[in-house]
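Engineer:
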Amino acid sequence: MGSCIQVCPKNPVNFDVDNVRVSKLVEEVLHNCTVAVFATGVDSYATETKGTVLIHSAEQLENYAKIEEAKVDELIKAVADSGAKVIVSGGAVGEMALHFCDRYELMVLKISSKFERRFCRTTGIFALLKLSQPKPDDLGFVGSISGEQIGGSRVCLKRWLYLYLVHCPCLTLICLCQFSVAVDDGVNTYKAMCRDSRIVLGATAIEIELARRLKEFSFKETGLDQYAIAKFAESFELVPRTLAENARLNPVDIISKLYEKHASRNAKVGINLRGDDSEDGVYKDVSTVNVWDLYVTKFFARKYAADAACTVLRIDQIIMAKPA
Numbered sequence: 022m023g024s025c026i027q028v029c030p031k032n033p034v035n036f037d038v039d040n041v042r043v044s045k046l047v048e049e050v051l052h053n054c055t056v057a058v059f060a061t062g063v064d065s066y067a068t069e070t071k072g073t074v075l076i077h078s079a080e081q082l083e084n085y086a087k088i089e090e091a092k093v094d095e096l097i098k099a100v101a102d103s104g105a106k107v108i109v110s111g112g113a114v115g116e117m118a119l120h121f122c123d124r125y126e127l128m129v130l131k132i133s134s135k136f137e138r139r140f141c142r143t144t145g146i147f148a149l150l151k152l153s154q155p156k157p158d159d160l161g162f163v164g165s166i167s168g169e170q171i172g173g174s175r176v177c178l179k180r181w182l183y184l185y186l187v188h189c190p191c192l193t194l195i196c197l198c199q200f201s202v203a204v205d206d207g208v209n210t211y212k213a214m215c216r217d218s219r220i221v222l223g224a225t226a227i228e229i230e231l232a233r234r235l236k237e238f239s240f241k242e243t244g245l246d247q248y249a250i251a252k253f254a255e256s257f258e259l260v261p262r263t264l265a266e267n268a269r270l271n272p273v274d275i276i277s278k279l280y281e282k283h284a285s286r287n288a289k290v291g292i293n294l295r296g297d298d299s300e301d302g303v304y305k306d307v308s309t310v311n312v313w314d315l316y317v318t319k320f321f322a323r324k325y326a327a328d329a330a331c332t333v334l335r336i337d338q339i340i341m342a343k344p345a
């Protein structure tokens, strides 16, 4: 009635029934449902090689189709009797199997192999190799499954108690990729923090302090070792140089000023990207503004970089293979 009132013209005599359209959509939301995952397709069994069936009469042809249909019905009914409400298939889903899934009110999802492994790991189940009745231990649990439309694309959302979905609403593909990389970096940082929660000063304060101390140590050495240590100390300047260039600052002035600050025993001074809003300019004690970096990422970054440099220096000869 509300739809009719909304589209009714000023003159009710001109009411047109075509202005009220009926759309038949199947509900695509399930809550607290059990899931069965099959690595192969959901369809009738077929031989791996080419098979030949010899039929002598029309009755045999009719019975052959009935037997195949009854077998698929038996398999789908066995899955439904196990308590599963959702079937996840790693391969193709046959039309006959889909018909019986609709009869027994089963939701069917087709997921490729890589994402199927993630689905199994999240739900805590193992994918069955063939279509059969799953045991209670073979079934997984999902809080809810719904088919929704986001940005014109049809997606299937699965919600678990221990899984969180991050939706990235961006207008361009480049922005979407950068947002995705930022989220991945943040999640991996949190994972590393759970294993080792030690932190160090950020905003290039730790890099400049390490470079300063290594240069002081190189002055105490004699021979050719002092040059190697000095160059290793110079490599730490890459981080503040990159940060200054990204902030559209002069990297030469920034690095020299940071060395000057750290030489006066201000080891916590780093680059302040909001220098216009503070009294200290672009140089500030980063511990006062809570700018920190994860220790474990800094440690392994320097460890692998040093190992790569040492590996290159151990090479005595380089042989270039020319095309025959």
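In our numbering, the protein residues as written are 22 to 345.
Note that beta-carbon positions come from the ideal geometry of N, C-alpha and C, so glycine has one too.
Would you say the stretch 301 to 321 touches the stretch 244 to 261, given that touching needs at least three Cβ pairs under 8 angstroms?
Structural biologist: no
Engineer: For the candidate residues Ala148, Leu150 and Leu160, whose alpha-carbon lies nearest to that of Gly104?
Structural biologist: Taking the sequence shown and counting its residues from 1, the one referred to as residue 104 is at position 83. Closest option to Gly104, Cα to Cα, is Leu160.
Engineer: Which residue wins for smallest C-alpha separation from Asn209, given the options Val303, Thr318 and Glu266?
Structural biologist: If you number the sequence shown from 1, residue 209 lands on position 188. Ranking the options by Cα distance to Asn209, first place goes to Thr318.
Engineer: If you follow the beta strand (DSSP E) that Val107 is part of, which residue opens it and which one closes it?
Structural biologist: Taking the sequence shown and counting its residues from 1, the one referred to as residue 107 is at position 86. Per DSSP, Val107 belongs to the beta strand (DSSP E) from Val107 to Ser110.
Engineer: Would you call the CB atoms of Gly111 and Ala60 closer than 8 angstroms?
Structural biologist: Here residue 111 refers to the residue found at position 90 when the sequence shown is read from its first residue. Here residue 60 refers to the residue found at position 39 when the sequence shown is read from its first residue. Yes, these two residues count as a Cβ contact at 8 angstroms.
Engineer: Measuring CA to CA, which of Ala57, Lys278 and Val163 is closest to Lys131?
Structural biologist: If you number the sequence shown from 1, residue 131 lands on position 110. Answer by Cα proximity: Ala57.
Engineer: Compute every distance between the C-beta of Gly161 and the non-hydrogen atoms of the ligand MG, then say whether any falls below 7 angstroms.
Structural biologist: Absence of the ligand MG from the depicted structure is noted, as is the absence of any ligand whatsoever, leaving it without description.
Engineer: When you compare the CB positions of Val303 and Asn293, do they come within less than 8 angstroms of one another, or not?
Structural biologist: Within the sequence shown, the letter at position 282 stands for residue 303. Within the sequence shown, the letter at position 272 stands for residue 293. Yes, the Cβ-Cβ distance between Val303 and Asn293 is below 8 angstroms.
Engineer: Mind reading off the beta-carbon distance from Arg233 to Tyr280? Whole number of angstroms is fine, and I expect it under 8 angstroms.
Structural biologist: Along the sequence shown, read from residue 1 onward, the residue named residue 233 stands at position 212. Along the sequence shown, read from residue 1 onward, the residue named residue 280 stands at position 259. With a beta-carbon spacing of about 6 angstroms, Arg233 and Tyr280 fall inside the 8 angstroms limit used to define contacts.
Engineer: According to the neighbour-count rule (16 or more other Cβ atoms, all chains shown, within 10 Å of its Cβ), is Cys122 buried or exposed?
Structural biologist: As a first step, residue 122 must be located in the sequence shown, where it is residue number 101. In the assembly as shown, Cys122 is a buried residue. Its beta-carbon has 16 or more other beta-carbons within 10 Å.
Engineer: Quick check: what's the CA-CA separation for Val74 versus Thr143?
Structural biologist: Counting from one through the sequence shown, the residue named residue 74 turns up at place 53. Counting from one through the sequence shown, the residue named residue 143 turns up at place 122. C-alpha separation (whole angstroms): 43 angstroms.
Engineer: With a cut-off of 8 angstroms on the beta carbons, I'd call Asp306 and Lys289 a contact; round off their distance for me.
Structural biologist: Your numbering for residue 306 matches position 285 in the sequence shown. Your numbering for residue 289 matches position 268 in the sequence shown. Correct: roughly 5 angstroms between the Cβ atoms.
Engineer: So Pro261 and Glu228 are in contact, right, with Cβ under 8 angstroms, and what is the actual spacing, rounded?
Structural biologist: On the sequence shown, position 240 is the one that residue 261 refers to. On the sequence shown, position 207 is the one that residue 228 refers to. Yes, Pro261 and Glu228 are in contact; Cβ-Cβ is about 6 angstroms, under 8 angstroms.
Engineer: Go ahead and pull the three-state DSSP assignment for Lys71.
Structural biologist: As a working note, residue 71 is residue 50 in the sequence shown. It is coil, neither helix nor strand.
Engineer: Tell me the DSSP secondary structure of Phe257 in three-state form.
Structural biologist: Counted from its first residue, the sequence shown places residue 257 at position 236. In this structure, Phe257 counts as coil in the three-state DSSP scheme.
Engineer: Along the chain, which unbroken stretches of the alpha helix (DSSP H) at least 4 residues long are found entirely within the stretch 261 to 336?
Structural biologist: 272 to 284 and 316 to 334
Engineer: How would you call Gly244, buried or exposed, if buried means at least 16 neighbouring beta carbons within 10 angstroms?
Structural biologist: Walking along the sequence shown from the start, residue 244 turns up at place 223. When all chains shown are included, Gly244 counts as exposed.
Engineer: Can you tell me whether DSSP reads Cys29 as helix, strand or coil?
Structural biologist: Translated into the one-based positions of the sequence shown, residue 29 becomes position 8. If DSSP states are grouped into helix, strand and coil, Cys29 belongs with coil.
Engineer: Give the secondary structure of Lys239 by DSSP, where H, G and I count as helix, E and B as strand, and everything else as coil.
Structural biologist: On the sequence shown, position 218 is the one that residue 239 refers to. In the sequence under discussion, the amino acid at residue 239 is Ser, which differs from the Lys named in the question. Helix, per DSSP.
Engineer: Need the endpoints of the beta strand (DSSP E) that Leu222 sits in, please.
Structural biologist: Residue numbering aside, residue 222 sits at position 201 when the sequence shown is read from its first letter. Counting along the chain, the beta strand (DSSP E) containing Leu222 begins and ends at Ile220 to Leu222.
Engineer: Mind checking whether Ala101 and Leu127 have CB atoms under 8 angstroms apart?
Structural biologist: Here residue 101 refers to the residue found at position 80 of the sequence shown. Here residue 127 refers to the residue found at position 106 of the sequence shown. Yes; because the gap between Cβ atoms is below 8 angstroms, this pair is in contact.
Engineer: Closer than 8 angstroms, CB to CB, is Ala322 near chain C or not?
Structural biologist: The chain inventory of the structure shown lacks chain C, comprising one protein chain alone.
Engineer: Considering just the uninterrupted stretch of the beta strand (DSSP E) at Leu130, what are its terminal residues?
Structural biologist: In the sequence shown, residue 130 corresponds to position 109, counting from 1. Its beta strand (DSSP E) spans residues Met128 to Lys131.
Engineer: Using the Cβ count rule (16 or more neighbours within 10 Å means buried), how would you classify Lys106?
Structural biologist: Along the sequence shown, one-based indexing puts residue 106 at 85. By the neighbour-count rule (16 or more Cβ atoms within 10 Å), Lys106 is buried.
Engineer: Considering Cα atoms alone, identify which of Pro157, Cys54, Val109 and Ala213 is closest to Arg138.
Structural biologist: Along the sequence shown, read from residue 1 onward, the residue named residue 138 stands at position 117. The option with the nearest alpha carbon to Arg138 is Val109.
Engineer: Taking Cβ positions, are Gly291 and Thr225 nearer each other than 8 angstroms?
Structural biologist: The count along the sequence shown starts at 1 and reaches residue 291 at position 270. The count along the sequence shown starts at 1 and reaches residue 225 at position 204. A contact, by the Cβ cut-off of 8 angstroms.
Engineer: Along the alpha helix (DSSP H) that carries Leu119, what are the first and last residues, could you check?
Structural biologist: Locating residue 119 in the sequence shown gives position 98, counting from the first residue. Glu116 to Arg124 is the extent of the alpha helix (DSSP H) around Leu119.
Engineer: Glu62 and Ala113 look like a contact to me (Cβ under 8 angstroms); what is the Cβ gap, rounded to whole Å?
Structural biologist: Here the question's residue 62 lines up with position 41 in the sequence shown. Here the question's residue 113 lines up with position 92 in the sequence shown. The question names Glu, yet the displayed sequence has Gly at residue 62. Confirmed, Cβ separation roughly 4 angstroms.
Engineer: May I ask you to report which of helix, strand or coil DSSP gives Phe162?
Structural biologist: On the sequence shown, residue 162 is found 141 positions in, with the first residue counted as 1. Strand.
Engineer: What is the rounded straight-line gap between the Cα of Ile97 and the Cα of Val202?
Structural biologist: Start at 1 with the first residue of the sequence shown, and residue 97 comes out as number 76. Start at 1 with the first residue of the sequence shown, and residue 202 comes out as number 181. Each residue's alpha carbon lies about 41 angstroms from the other.
Engineer: Which of the three DSSP states, helix, strand or coil, is assigned to Ala203?
Structural biologist: Your numbering for residue 203 matches position 182 in the sequence shown. Ala203 falls in the helix class under three-state DSSP.
Engineer: Let me know the secondary structure DSSP gives Phe59 once reduced to three states.
Structural biologist: Here residue 59 is taken as the residue at index 38 of the sequence shown, counted from 1. Residue state, collapsed to three classes: strand.
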